[in-house]
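To start, the structure under review is shown below, and the notes come after it.
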Amino acid sequence: MRFLLLTVLAIGVFGRRLEEFEYDTMFKEFMVTHAKNYSSHAETIDRYEAFKDNVDIIEEHNAKNLSYRLGVNQFADMRNNEFAAWVQRGSGGGLVLLQNRKKNYVEKKLEASCRSSDLVSAGKVTGVKNQGGCGSCWSFSTTGAVEGILPNLTPLSEQQLVDCDKNDSACSGGLMDTAFEYVMKNGLCSEDDYAYVARKNYRCKSSTCAVVQGSKISGYKDIRAGDATTLEDTLCNQPVSIAIDASSTAFQLYSSGVLTTSQCGTDLDHGVLAVGFGVDGGESYFKVKNSWGTSWGESGYIRLCKDCANSSKGQCGMLLMPSYPTN
Numbered sequence: 271m272r273f274l275l276l277t278v279l280a281i282g283v284f285g286r287r288l289e290e291f292e293y294d295t296m297f298k299e300f301m302v303t304h305a306k307n308y309s310s311h312a313e314t315i316d317r318y319e320a321f322k323d324n325v326d327i328i329e330e331h332n333a334k335n336l337s338y339r340l341g342v343n344q345f346a347d348m349r350n351n352e353f354a355a356w357v358q359r360g361s362g363g364g365l366v367l368l369q370n371r372k373k374n375y376v377e378k379k380l381e382a383s384c385r386s387s388d389l390v391s392a393g394k395v396t397g398v399k400n401q402g403g404c405g406s407c408w409s410f411s412t413t414g415a416v417e418g419i420l421p422n423l424t425p426l427s428e429q430q431l432v433d434c435d436k437n438d439s440a441c442s443g444g445l446m447d448t449a450f451e452y453v454m455k456n457g458l459c460s461e462d463d464y465a466y467v468a469r470k471n472y473r474c475k476s477s478t479c480a481v482v483q484g485s486k487i488s489g490y491k492d493i494r495a496g497d498a499t500t501l502e503d504t505l506c507n508q509p510v511s512i513a514i515d516a517s518s519t520a521f522q523l524y525s526s527g528v529l530t531t532s533q534c535g536t537d538l539d540h541g542v543l544a545v546g547f548g549v550d551g552g553e554s555y556f557k558v559k560n561s562w563g564t565s566w567g568e569s570g571y572i573r574l575c576k577d578c579a580n581s582s583k584g585q586c587g588m589l590l591m592p593s594y595p596t597n
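The sequence shown begins at 271 in the numbering used here and counts up by one.
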């Protein structure tokens, strides 16, 4: 009886233990859903074992009924050290921090002019995109920020930045501020006219397409680290490019809710886009658009806790390096 009680308690606290056939069924469905094709039987077995470990992590976490949930997504067959390496080497991230970058700071702190903001609902954010295996997150963050101030919302070309911005390093990484400098000089073509191919083309093709009206920005501003109120004030009107640490297990398997984990560090390795802020279930959050497709997170978005991390850094380091374009 005592053993049975301990078993019931363990399942209640740590999540239900799955039978082997359940893992097997889930893995087969996962492979179909995410078009996974492994090179050998040995690799399939290895990915299956990693998948089972992640399912256990998901079950254990979700049984705690915290402010966020984990789930099976396209990264569920990767061990966290593999996932972290994938982000940090540029394939899933692609942020390059430049110590000598120009800093065009907002001159003073601003109080937020709205109580909450959802720029997606306001029609200032294009659909979620997918950078694929190219470390071009910086270009997606840049285009998203510029798209948000266009007179007519139009998906802009990340591929143009990958091919033509010589101050950044294409699929080997870049930085939003340096990309903004390219956009100041050149503007951007639409995504339809200069399509994304998840690799660098041999030559820049910007001369073959038309610059989208309003995309040639006049400049950009950096928000000082830790200044959440100015970030909120800016988000009342336009999206903001931010840098985050995207390497934790919680980020890897995030499914929904407000991410309140202490796992999320501040070693910035990924450029994303802040698109709003609000409160859910008593938890204040910033809404963030990622570039990993709609099968990750809340249809491609994540809500990062506003008040659960060091105020000078923010959840996952999101307050360390915000910037936005001006027109």
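Glycine included, each C-beta is placed from N, C-alpha and C at the ideal position.
Three-state secondary structure (DSSP) at residue i?
| i | result |
| --- | --- |
| residue 311 | helix |
| residue 407 | helix |
| residue 575 | strand |
| residue 282 | Only weak support exists for where residue 282 lies, its pLDDT of 42 falling under 50; the coordinates are left without a value. |
| residue 400 | strand |
| residue 330 | helix |
| residue 239 | Nothing about residue 239 can be reported from this structure: the residues present for the chain run from 271 to 597 only. |
| residue 277 | Because residue 277 sits at a pLDDT of 36, beneath the cut-off of 50, its placement in the model cannot be relied upon, and the point is left open. |
| residue 302 | helix |
| residue 586 | helix |
| residue 317 | helix |
| residue 289 | coil |
| residue 526 | strand |
| residue 416 | helix |
| residue 294 | helix |
| residue 352 | helix |
| residue 386 | coil |
| residue 565 | coil |
| residue 442 | strand |
| residue 481 | strand |
| residue 391 | coil |
What residue range is occupied by the uninterrupted beta strand (DSSP E) comprising residue i?
| i | result |
| --- | --- |
| residue 559 | 553–559 |
| residue 545 | 540–550 |
| residue 432 | Segment 428–434 is the alpha helix (DSSP H) holding residue 432; no beta strand (DSSP E) there. |
| residue 491 | 489–492 |
| residue 596 | 593–596 |
| residue 520 | It is not in any beta strand (DSSP E) - residue 520 instead sits in the alpha helix (DSSP H) that spans 519–522. |
| residue 510 | 510–514 |
| residue 340 | 338–340 |
Measuring CB to CB, does residue i end up less than 8 Å from residue j?
| i | j | result |
| --- | --- | --- |
| residue 457 | residue 432 | no |
| residue 460 | residue 425 | yes |
| residue 393 | residue 423 | yes |
| residue 499 | residue 377 | no |
| residue 453 | residue 412 | yes |
| residue 493 | residue 595 | no |
| residue 417 | residue 396 | yes |
| residue 538 | residue 572 | no |
| residue 341 | residue 525 | yes |
| residue 517 | residue 531 | no |
| residue 575 | residue 553 | yes |
| residue 541 | residue 582 | no |
| residue 434 | residue 391 | no |
| residue 563 | residue 387 | no |
Please report the straight-line C-alpha distance between residue i and residue j, rounded to a whole angstrom.
| i | j | result |
| --- | --- | --- |
| residue 337 | residue 329 | 15 Å |
| residue 535 | residue 405 | 20 Å |
| residue 543 | residue 311 | 39 Å |
| residue 472 | residue 436 | 13 Å |
| residue 297 | residue 467 | 29 Å |
| residue 343 | residue 566 | 6 Å |
| residue 521 | residue 480 | 37 Å |
| residue 271 | residue 322 | Bear in mind that the predicted position of residue 271 carries a pLDDT of just 41, short of 50, making it unreliable; the figure below should be weighed with that in mind. Residue 271 and residue 322: Cα-Cα distance of roughly 29 Å. |
| residue 464 | residue 507 | 27 Å |
| residue 359 | residue 295 | 32 Å |
| residue 505 | residue 302 | 38 Å |
| residue 515 | residue 347 | 20 Å |
| residue 408 | residue 559 | 13 Å |
| residue 350 | residue 398 | 24 Å |
| residue 561 | residue 320 | 24 Å |
| residue 385 | residue 356 | 37 Å |
| residue 588 | residue 288 | 36 Å |
| residue 403 | residue 410 | 13 Å |
| residue 469 | residue 590 | 29 Å |
| residue 556 | residue 503 | 12 Å |
Which stretch, first to last residue, makes up the alpha helix (DSSP H) that contains residue i?
| i | result |
| --- | --- |
| residue 536 | Neither: residue 536 is in no alpha helix (DSSP H) and is coded neither H nor E. |
| residue 504 | 498–505 |
| residue 449 | 446–456 |
For a test of your reading of the model: does the CB of residue i fall under 7 Å from any non-hydrogen atom of the ligand MG? Yes or no.
| i | result |
| --- | --- |
| residue 443 | Among the ligands in the structure shown, none appear at all, so the ligand MG cannot be discussed. |
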